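To start, the structure under review is shown below, and the notes come after it.
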Amino acid sequence: MYYPMIRKYIWFSILAIGFSCSPKAIVVEESQEQAPIPLMIIGNEEILSDEFLYLLSKNRQFQEKEEKISRQEFEENLELFINYKLKVKEAENLGLDTLEEFRREFEVFKDDLIQPFLIKNSLQQGELMKAYNRMKEVVKASHILLQFPNNPSREDTIAVYRMAQKLKAEAESGADFNELALEYSDDPSAKENKGNLGYFTALQMVHQFEDAAYALGIGEISDPILTNFGYHIIKVEDKKPNPGEIKVSHILVRTQTGDPVSEERALRKVGEIYSELQKAESIWEEVCKMYSEDLASKNSGGTLPWISLGTVIPDFERVAFALNEEGEISPPVKTPYGYHIIRLEERRPIASFEEMEQTIKSRILRDSRSGLIQSQVTAIQKSRYSFEENGSVLNEIQSIINQQSLNSIEETLKSKNLTDSTLFSIENEKKTVGDYLKFLEEEKGNVRIGSKNSFGNSLERFIETSLNRTEELDLMANNKEYKLLLQEYRDGILLFSLMNERVWQKALMDSIGQIKFYEDNKGNYTWNERVRALIVTMGKEEYSNSVRRFLSDKKYRNDLSDRLENTFLLNNPLAFNMDEGLFEWERHPILSRIDPSKEFQEIKWDGKTIFIILGEKIPSEIKKFSETRGKVIQDYQQYLEKELVAALKNNYIIRINEDEKNKIYNLVVGN
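According to the UniProt record's numbering, the stretch in the sequence shown is residues 1 to 671, in order.
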């Protein structure tokens, strides 16, 4: 199943429940002794007000209405909520929640959703803030990497360390650091960059390397720094404030790789565009709209999303960040996409900590820093969940397991009757040696058994896994917000599956149903009056007289645009733009301004001269099914959904607790 699509639909479905209002976050305090009163019963399932209030209040992050929700809006949202729960109920009755596909998808979401509620989350803030503060600065550094041989001995490790110390001493005595990197570094890129890593910021290097680089002053050289790659000697060349992000616009003229003719034509065209912009920068938007070949941005002035260092192609980034003044335009720059002319629109500093927090967190979780955090998490979990370790059994097993394979370990432990012995307990639940062996079997292929260290690591993972499972169960039993969030996503997946089966796929695949729906609703699918037209928008006014003379006595014909291009555009590609087709003229921004009875017309619009040649006029008519199939399917889906909801309301008895409903409404509006 396509997880992003499911996630998007879950949000759309849930938010639709309260789309017409924006209540503030609502928390219902419940008495420990008093059982919650259901808001409604659908079939035989009680549904509590907490769920409705939780979903309703989620919309406050999307809308900021200050006025109170009206009674009508409240009732509409409650009706949407009932429809939502009916669909979930139907999915459950069909057994969709028992399918293996559902279970896999739900586990994926569950693993993601639980993260903010874990102990680990509260311990990450210090590391997150430290990383964010470092992001305010960029560091330029060079390094020399010395790697270990395969299966290094203690003597090998010492020899590499001493070599690193020797190179540091040479550099500090005046030897050229980059030449030393070229000669001695085991980093393959050193042959090209002589160890120069350029500018970087936090979370772009391994943790130990980053710590050392940020601790050094400009010109200082580090002691040997050990990472998973080997020993590094680091020299900081420069430090400066992070330039943050920039917003730029661009005009793109594409090239075809390996095509000299395309390259020459693009270079000539981009040169003419740049010359035009040098004469009058104020026409940027018009030039971009007319000539840029980036279809995604040309109609919005070529504006691109905010970019930061390392997020775009290096050649583009280098030129873009070199622009200093807003409105400044670069000469053409070549990238694999073609030639760009770049204009600086705006600069802004790095985003706030709150905006970047989740991004930083996800990167730290993949970083070695996560190990430091995990050690603290484990300590807290052990204390909270009454962890007790059986040290004597652990020591006995360790003496047996050292240097043995997984199979021989299992046989030895069974022969000594140790598989039922307790390794540790969590809240009085015992974990035995047999449980540990099952864990190792599940990890087989990922864990190398054969040394004291590998045993210790696998046991540590077993303990962490057991403690994490205990914490998850604790959250599910005692954390109300987590329970509601989990319910939301569970129901959302079921809703998606039901709608996909009963509505979306049915509407897509049921060609007979589509045609019948089209025939029954033909009046909804009509063309307005249309006209075949050629629209010529002048880019250079000096060609207007020539184009006017060429077009003024011409009738509309299919090859007219080709003749016009061959006459003018081959030598003057920026002279004008052409748009040709069959248009609903009353809805067209240009054709709606002209006299449809005249075949040739000239108008001024948006400061430009525009010539129009009109051809055949086609009166309003019903669209053919093939011309409107997409809209028919969309409408057919809406029809099927209404039919589904109507059927479910007949199949399930719905009982609403009016007293509880009124109580909720008063709570929402603050009465």
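Each residue gets a CB set at the ideal place from its N, CA and C atoms; glycine is no exception.
Just so we're clear, the structure is a prediction, and the values are computed from it rather than from any experiment.
Using DSSP's beta-bridge definition, name the partner residues of residue i.
{"i": "Thr378", "result": "BP columns for Thr378 are empty, so no partner."}
{"i": "Lys526", "result": "Here the sequence assigns Thr to residue 526, which means Lys is not the residue at that position. Beta-bridge pairing links Thr526 to Ile622."}
{"i": "Tyr291", "result": "Per DSSP, none; premise fails for Tyr291."}
{"i": "Leu614", "result": "Ala533"}
{"i": "Phe462", "result": "Phe462 pairs with nothing; no bridge assigned."}
{"i": "Pro241", "result": "Glu137"}
{"i": "Gly338", "result": "Arg254 and Thr335"}
{"i": "Tyr199", "result": "Lys140"}
{"i": "Phe424", "result": "Glu389 and Lys431"}
{"i": "Ser308", "result": "Glu245"}
{"i": "Val668", "result": "Val668 pairs with nothing; no bridge assigned."}
{"i": "Thr303", "result": "Ser249"}
{"i": "Thr609", "result": "Lys604"}
{"i": "Val632", "result": "Partner(s): none; Val632 has no beta bridge."}
{"i": "Ile329", "result": "Arg343"}
{"i": "Lys235", "result": "Ser142 and Ile221"}
Is it buried or exposed for residue i, if we count other Cβ within 10 angstroms and need 16 for buried?
{"i": "Ile664", "result": "buried"}
{"i": "Glu388", "result": "exposed"}
{"i": "Gln398", "result": "exposed"}
{"i": "Leu473", "result": "exposed"}
{"i": "Thr257", "result": "exposed"}
{"i": "Glu488", "result": "buried"}
{"i": "Ala190", "result": "buried"}
{"i": "Trp585", "result": "buried"}
{"i": "Arg502", "result": "buried"}
{"i": "Val236", "result": "buried"}
{"i": "Arg103", "result": "exposed"}
{"i": "Glu73", "result": "buried"}
{"i": "Met129", "result": "exposed"}
{"i": "Ala175", "result": "exposed"}
{"i": "Pro332", "result": "buried"}
{"i": "Gly539", "result": "buried"}
{"i": "Ile107", "result": "Per the sequence presented here, residue 107 reads as Glu, with Ile not at that position. Per the 10 Å Cβ criterion, exposed."}
{"i": "Asn428", "result": "exposed"}
{"i": "residue 704", "result": "As displayed, the chain neither begins before 1 nor continues past 671, which places residue 704 out of reach and without an answer."}
{"i": "Ala169", "result": "exposed"}
{"i": "Ser451", "result": "Low local confidence applies: a pLDDT of 40 at Ser451 is under 50, so the model's placement there is unreliable, with the coordinate-based value given in what follows. Classification for Ser451: exposed."}
{"i": "Lys24", "result": "Here Lys24 scores only 40 on pLDDT, less than 50, and its place in the model should not be relied on; the value that follows carries that caveat. With fewer than 16 Cβ atoms within 10 Å of its Cβ, Lys24 is classed as exposed."}
{"i": "Asn93", "result": "exposed"}
{"i": "Trp605", "result": "exposed"}
{"i": "Ile69", "result": "buried"}
Would you kindly report the start and end of the unbroken beta strand (DSSP E) that includes residue i?
{"i": "Phe583", "result": "Phe576 to Glu584"}
{"i": "Ile254", "result": "Going by the sequence as given, residue 254 is Arg instead of Ile. Residues Glu245 to Arg254."}
{"i": "Asn228", "result": "Per DSSP, Asn228 belongs to no beta strand (DSSP E) and is neither H nor E."}
{"i": "Phe600", "result": "Phe600 to Trp605"}
{"i": "Leu39", "result": "Pro38 to Ile42"}
{"i": "Ile114", "result": "Run containing Ile114: none; DSSP gives neither H nor E here."}
{"i": "Ile654", "result": "Ile654 to Ile656"}
Just reading off the alpha helix (DSSP H) that residue i is part of, what are its end residues?
{"i": "His207", "result": "His207 to Ala215"}
{"i": "Lys191", "result": "Ala190 to Asn193"}
{"i": "Val319", "result": "Pro314 to Ala322"}
{"i": "Phe74", "result": "Arg71 to Asn93"}
{"i": "Tyr489", "result": "Lys480 to Met499"}
{"i": "Leu440", "result": "Val433 to Glu442"}
{"i": "Gln278", "result": "Pro260 to Lys279"}
{"i": "Lys361", "result": "Phe353 to Ile364"}
{"i": "Tyr54", "result": "Ser49 to Ser57"}
{"i": "Leu99", "result": "Taken as a continuous stretch (DSSP letters only), Leu99 belongs to no alpha helix (DSSP H), as it is neither H nor E."}
{"i": "Gln505", "result": "Gln505 to Met509"}
Throw me the rounded Cβ distance for the residue i and residue j pair, which I believe falls under 8 Å.
{"i": "Leu582", "j": "Arg530", "result": "5 Å"}
{"i": "Thr432", "j": "Thr419", "result": "7 Å"}
{"i": "Tyr214", "j": "Arg134", "result": "6 Å"}
{"i": "Val138", "j": "Phe200", "result": "7 Å"}
{"i": "Ile251", "j": "Ser292", "result": "4 Å"}
{"i": "Ala164", "j": "Leu146", "result": "5 Å"}
{"i": "Ile234", "j": "Ser249", "result": "Actually they do not touch by this definition, with Cβ atoms about 38 Å apart."}
{"i": "Phe625", "j": "Leu551", "result": "Wrong, their Cβ atoms sit about 37 Å apart, outside the cutoff."}
Would the C-beta of residue i count as close to the ligand MG, meaning under 7 Å from any of its heavy atoms?
{"i": "Pro349", "result": "Here there are no bound small molecules, and the ligand MG is not part of this structure."}
Length at least 4, wholly inside the region 514-574: the alpha helix (DSSP H) runs in chain order: Whole alpha helix (DSSP H) segments, 4+ residues: 544-551 and 560-564.
Taking the runs of the beta strand (DSSP E) that are 3 residues or longer, which of them lie wholly in the region 129-179? Complete beta strand (DSSP E) runs here, min 3: 137-146.
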